[in-house]
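What follows is one structure encoded as structure tokens, with my remarks underneath.
Number of protein chains: 2
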Amino acid sequence: MTGTLYGVGLGPGDPDLMSVRADRLVRQTRHIAWFCKAGRKGRARSIVEGMFREDAETFAMEYPVTTEIPLTDPRYNEILSAFYAESCAHLEKAVASGEDMVVLCEGDPFFYGSFMHAYTRLKDRIPVQVVPAITGMSAAWTASGAPITWGDDILSTVMGTLDETTLCDAMARADALVVMKIGRNLPKVRRALAAAGKADKAVLVQYASMQGQTVCPLSEYDGETLPYFSIIVVHGQGRRP
Amino acid sequence: MTGTLYGVGLGPGDPDLMSVRADRLVRQTRHIAWFCKAGRKGRARSIVEGMFREDAETFAMEYPVTTEIPLTDPRYNEILSAFYAESCAHLEKAVASGEDMVVLCEGDPFFYGSFMHAYTRLKDRIPVQVVPAITGMSAAWTASGAPITWGDDILSTVMGTLDETTLCDAMARADALVVMKIGRNLPKVRRALAAAGKADKAVLVQYASMQGQTVCPLSEYDGETLPYFSIIVVHGQGRRP
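Quick mapping for you: the protein sequence lines, in order, are chains A and B. Position in the first sequence (from 1) plus 63 gives the number in my numbering. Position in the second sequence (from 1) plus 63 gives the number in my numbering.
This is the structure:
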């Protein structure tokens, strides 16, 4: 009898926005694992504070590297591949021995998530189920107080890590826009938004659905960088009765 | 003392994928309203079957018209505007008299939802809170069994109701793709996908997270039209260790 590996999306940060299924799996499953930065508690782990069973066995999978080595360095892929192989071996062993295992995932696991690196390695070896979740971008546009898309609007989701030309092109062609992974790319993101004619419509949402949530026009934020939990949205203006 | 109007996203269809907050609001609130096609139960209403309080008071807001008049006909906007005005007057009256009111919304209310037509009319008149939810597209890519986006992938969400040139252009430029509102636009959507070089990567998901869920390559579906609950996804192939 094998168990099942559950990749459980926890949503944008507010535990009240977890799905009923995710809530149940986190409370009832004995083996709980999550990815996190070395030496940190982990964002996913923080969302479910106080929810584990008393006899829970936990397994923090600490990234050996995050931003210390640039993505373009071949060592980056090498080190991460070894890390995923090792983490997955542990998950597989537990599940193969008959235990269910929950992997906590911030946001939605299949939407720019880190669980998919484990998923692709394990899906043909053990039973894996993915529980979708409310995305951080849904929490951001909800916090912004206006619908992101109407009618036939085209919504594009872009990462601030893209090069400026690609960013600007995608921004110019979309009716509604979500920009994530901004951080130190903020000056570039601002330039691309301006060139695409969308700078004055951009709204900055920080910590959507979490403590410290703030919403302001991007033009009123004068920093050069943004914390991880920051999303820029540009609302579509499509057809409406 | 006024109450609060809650626009409650119910997610993609499986009640187990409702948020903990949505589940609580639906079970505990006495006044429950929803939009639906005339003479139909309504998709949102079906999701919460059996969850209402015993003393619940319900209010079905039946669209006077859906596809009988083309979107381009000026009467369409006129009729719908009058309908929204009337529905909103009812919601406002109940809330202003001190009652909380839940409006059931399929999917995420601010993502191509119909609640936003009520929201924009009422948000400056009474307290309105929106509860985000898991989108139908999240359920679709989860059902497809593969992550929709990796690394720096650009995800574009497009409606099958767009003209073919716009569709094709948006499809060609995105790494990952979600197509909704397909229905009778399927032949046009197929042509646009082919012209954009993505036809052979397109996956058709019907009834994601619902009874009757099916997943198949779009090329294996030989119909000329699709039911409402159909989403086409094209998975991104971005950076991965």
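Heads up, the beta-carbon is just placed ideally off N, CA and C, and yes, glycines get one too. The structure presented is a predicted model; accordingly, all values stated were derived computationally and were not measured.
Next on the checklist: Any contact between the segment 167 to 185 of chain B and the segment 71 to 79 of chain B? By contact I mean 3 or more CB pairs, one from each, below 8 Å.
Outcome noted: yes
Checklist entry - Leaving out five residues before and five after T288(B) in sequence, what residues of the same chain have Cβ atoms less than 7 Å from its Cβ? => result G246, R247, L249
Next on the checklist: Give me the chain B residues within the contact set of L249(A), using Cβ-Cβ distance strictly less than 8 Å, ordered along the chain.
Outcome noted: Going along chain B, no residue has its Cβ under 8 Å from L249(A), so there is no contact; the nearest lies around 16 Å.
Item to check | C-beta atoms of F174(B) and S109(A) nearer than 9 Å | outcome: no
Next on the checklist: Given this structure, state the Cα-to-Cα distance separating A196(B) from P133(A), to the nearest angstrom.
Outcome noted: 35 Å
Next on the checklist: Between V158(A) and chain B, is any beta-carbon pair separated by less than 9 Å?
Outcome noted: no
Checklist entry - Which ranges would you report for the alpha helix (DSSP H) in the segment 171 to 221 of chain A if only whole runs of at least 4 residues count? => result 178 to 185, 199 to 207
Item to check | Outcome for C279(B) when other beta-carbon atoms lying within 10 angstroms are tallied against a minimum of 16 | outcome: exposed
Checklist entry - Under 9 Å between C-beta atoms, does F115(A) make it to chain B? => result no
Item to check | Closer than 9 Å to chain B by CB, G256(A) | outcome: The amino acid at residue 256(A) is misidentified as Gly; the sequence shows Leu. Output row for L256(A): interface = no.
Next on the checklist: Measuring alpha carbon to alpha carbon, tell me which residue in D118(B), A265(B), N140(B) is nearest I95(B).
Outcome noted: D118(B)
Item to check | Residue span of the beta strand (DSSP E) that contains A96(A), given as start and end | outcome: 94 to 100
Checklist entry - Can you name the residues of chain B whose CB is closer than 8 Å to the CB of S293(A)? => result By Cβ distance, chain B contributes nothing, its closest Cβ being about 17 Å from S293(A), past 8 Å.
Checklist entry - DSSP puts I295(A) in a beta bridge; with which residues? => result V242(A), L267(A)
Checklist entry - Mind checking if D136(A) is an interface residue toward chain B, Cβ cutoff 9 Å exclusive? => result no
Checklist entry - Looking only at its own chain, which residues have a Cβ that is under 7 Å from the Cβ of E155(B), when we skip the five neighbours before and after it? => result L185, R188, I189
Checklist entry - Can you tell me the Cα-Cα spacing of A209(A) and K264(B), whole angstroms? => result 34 Å
Checklist entry - In terms of residue numbering, what span does the beta strand (DSSP E) encompassing F115(B) cover? => result Element bounds for F115(B): n/a, residue is neither H nor E.
Next on the checklist: Would G105(A) and A85(A) qualify as a contact pair, given that the criterion is a beta-carbon distance under 9 Å?
Outcome noted: no
Next on the checklist: Helix, strand or coil for M234(B)? Go by DSSP, reduced to three states.
Outcome noted: helix
Item to check | Rounded straight-line distance, which links the Cα of S144(B) to that of V389(B) | outcome: Chain B is shown only over 64 to 304; residue 389(B) falls outside these bounds and no answer can be derived.
Next on the checklist: Whole angstroms are fine: how far does the CA of M64(B) sit from the CA of T205(B)?
Outcome noted: 43 Å
Next on the checklist: V158(A) and T92(A) - do their beta-carbons sit closer together than 9 Å?
Outcome noted: no
Checklist entry - For E141(A), does the three-state DSSP call read helix, strand or coil? => result helix
Next on the checklist: For a cutoff of 9 Å on Cβ pairs, would you count M273(B) as touching chain A?
Outcome noted: no
Next on the checklist: S282(B) and A262(B) - do their beta-carbons sit closer together than 9 Å?
Outcome noted: yes
Next on the checklist: I want to verify the contact list: residues of chain A whose CB lies under 8 Å from the CB of M81(B), in sequence order.
Outcome noted: S82, V83
Item to check | L167(B) - DSSP class collapsed to helix/strand/coil | outcome: strand
Checklist entry - Can you tell me the Cα-Cα spacing of F178(B) and R236(A), whole angstroms? => result 26 Å
Checklist entry - Among M273(A), D285(A), R253(A), G275(A), which residue has its Cα nearest to the Cα of V296(A)? => result R253(A)
Checklist entry - Can you tell me where the alpha helix (DSSP H) with L134(A) in it begins and where it stops? => result Run containing L134(A): none; DSSP gives neither H nor E here.
Next on the checklist: Is there a C-beta anywhere in chain A that falls below 9 Å from the one on G76(B)?
Outcome noted: no
Item to check | Closest by C-alpha distance to G223(B), when choosing among D232(B), D77(B), A181(B), D216(B) | outcome: D232(B)
Item to check | Listed by chain order, chain B residues near W204(A) by CB distance under 9 Å | outcome: D171, F173, F174, P195
Item to check | Close beta carbons around G299(B), own chain, < 6 Å, minus the five adjacent residues each side | outcome: T212, W213, D216, D238, A239
Item to check | Contact list for I211(B) against chain A, beta-carbon separation under 8 Å | outcome: F173, F174
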